[in-house]
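Note that my numbering has the sequence shown beginning at -19, numbered continuously upward. Shown next, in structure tokens, is the structure this report addresses.
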Amino acid sequence: MDGRSCSSRVPSVASIAAPCTSLQLMDGDGISLVKGSLVSSSGKKLTKLYKNCKTQVWSFYRMEQRIRGHFSEAQCFVVILTKLVDFVINIPKISIFGWTYDCETFNLHGLNDYQRIVPTRVDFYEYPQYDAYRFTFSDHRTDKEYVKYYNEISKKIKWVEEYMRRDKQEFELKFERTSHKQSMMIAKGFPHLTMALAKRGYEEYLLDLAWKLDTQDYVRVYFEVWDRVFCKNEMSFEDALKSALPVFGYSCNCRIVGQLLRYHNLMLEEFRACMAQIPEDVADKDEILMHITDAVYKIKSAERPKLYLDYVKKKIEVAQRLQLSDESIFHIGRD
-19 MDGRSCSSRV PSVASIAAPC TSLQLMDGDG ISLVKGSLVS SSGKKLTKLY
31 KNCKTQVWSF YRMEQRIRGH FSEAQCFVVI LTKLVDFVIN IPKISIFGWT
81 YDCETFNLHG LNDYQRIVPT RVDFYEYPQY DAYRFTFSDH RTDKEYVKYY
131 NEISKKIKWV EEYMRRDKQE FELKFERTSH KQSMMIAKGF PHLTMALAKR
181 GYEEYLLDLA WKLDTQDYVR VYFEVWDRVF CKNEMSFEDA LKSALPVFGY
231 SCNCRIVGQL LRYHNLMLEE FRACMAQIPE DVADKDEILM HITDAVYKIK
281 SAERPKLYLD YVKKKIEVAQ RLQLSDESIF HIGRD
């Protein structure tokens, strides 16, 4: 075979190794990952990406066989490696329902489709423990059990709420060991749930309960401040706040007392936002309390960190829409 015929059939190393933004390999191969079809609003199955991955892998093999006789082994390695790196880099850009494959765990052996998917974009303040969540690698069945377990402990150790409301330090000293032991006993009823996940569920339940109690305290304080500012003495916000706090006492009954005293200027902005949600024609105190409650929960919900429960609920929802299961495992090989 002469050099002319070779050059007409095989492109140069530079042209082959050039970045391929559309993940198109070589003319005539008929193998490309069409990102537009995967990111369509209709949301095609994410498992189609794996089929394209397998196609890409086999195309690398075919291309290596085809150019082996024309380039040195080192040149072949550069071509294949460049294409493969470009392909993997583009994987996180492919998103369906706001989730995609994690490029850091894409090549880990033994993971199924469900275990590989992660949110496309994550704010640290949204999921403070995001790295711990995405590296948990629990399967679909285990995550479903986690949701059931969390709901179960929310009912069966609800008694801790009263102790945490009265005195959180007393609860930690006297009752936390009992509640933890009870939650571990509940976990035994879920055969696929690990002890690590059971412990995480218990700890995050207490964390979320503390957020709930703090939010309720804000509602109570803002309602008392409203009563003093608008109904009784027409005080300033700061004076009304100082007057209202003794109603709750300076104990752990109201854990936000210190925050309110230190950051009353920031609290004033929140208070004004709550007042803006109250219609002018509303005079009944019960209705006022209802509007303040709704406004406070709306403000505080935006600040609430999401838990593993929120993470797996969304992941399960995405998996159902994509028809992913524990059996949908990617194998590199021919179908």
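Just so you know, even glycine gets a beta-carbon here, dropped at the ideal spot from N, CA and C.
What are the boundary residues of the alpha helix (DSSP H) that includes T158?
-> E156 to A167
If you count every other CB in all the chains shown that lies within 10 Å of the CB of M270, and 16 or more means buried, which is it?
-> exposed
Beta-carbon contacts of Q95 that lie in its chain and below 7 Å, excluding the five residues immediately before and after = F117 and D119
Report the option in F170, K136, D290 and W191 whose CA atom is closest to the CA atom of R145.
-> W191
Are the Cβ atoms of E150 and Y143 separated by less than 8 Å?
-> yes
With DSSP as the reference, please indicate the residues paired to V98 in a beta bridge.
-> T80
When burial is assigned at 16 or more other CB atoms within 10 Å of the CB, is F104 buried or exposed?
-> exposed
Curious, which full-length alpha helix (DSSP H) runs of at least 4 residues does the stretch 196 to 230 contain?
-> 217 to 228
C-beta atoms of Y198 and V127 nearer than 8 Å = no
Stretch pair the stretch 203 to 210 + the stretch 155 to 172: three plus CB contacts closer than 8 Å | no
What's the call for P259, buried or exposed, on a 16-neighbour Cβ count within 10 Å?
-> exposed
Straight-line CA distance for I296 to F251?
-> 38 Å
Can you name, in chain order, every residue of its own chain whose Cβ lies under 6 Å from the Cβ of S223, other than the five neighbours on each side?
-> R208
Enumerate in chain order the residues of its own chain whose CB-to-CB distance from F114 is below 7 Å, with the five nearest sequence positions on each side excluded.
-> For the record, residue 114 in the displayed sequence is Arg; it is not Phe. Cβ within range, chain order: D82 and V98.
Using a Cβ-Cβ cut-off of 8 Å (strictly less than) and excluding sequence neighbours within five positions of F155, which residues of its own chain qualify?
-> V140 and Y143
When DSSP labels each residue in this structure, what does V14 get in the three-state scheme?
-> Residue placement at V14 is poorly supported in this model, since its pLDDT is 31, which falls under 50; the coordinates still yield a value, given next. Reduced to three states, the DSSP call for V14 is coil.
Determine the DSSP secondary structure at V262, reduced to helix, strand or coil.
-> coil
Could you have a look at A178 and say whether DSSP puts it in helix, strand or coil?
-> helix
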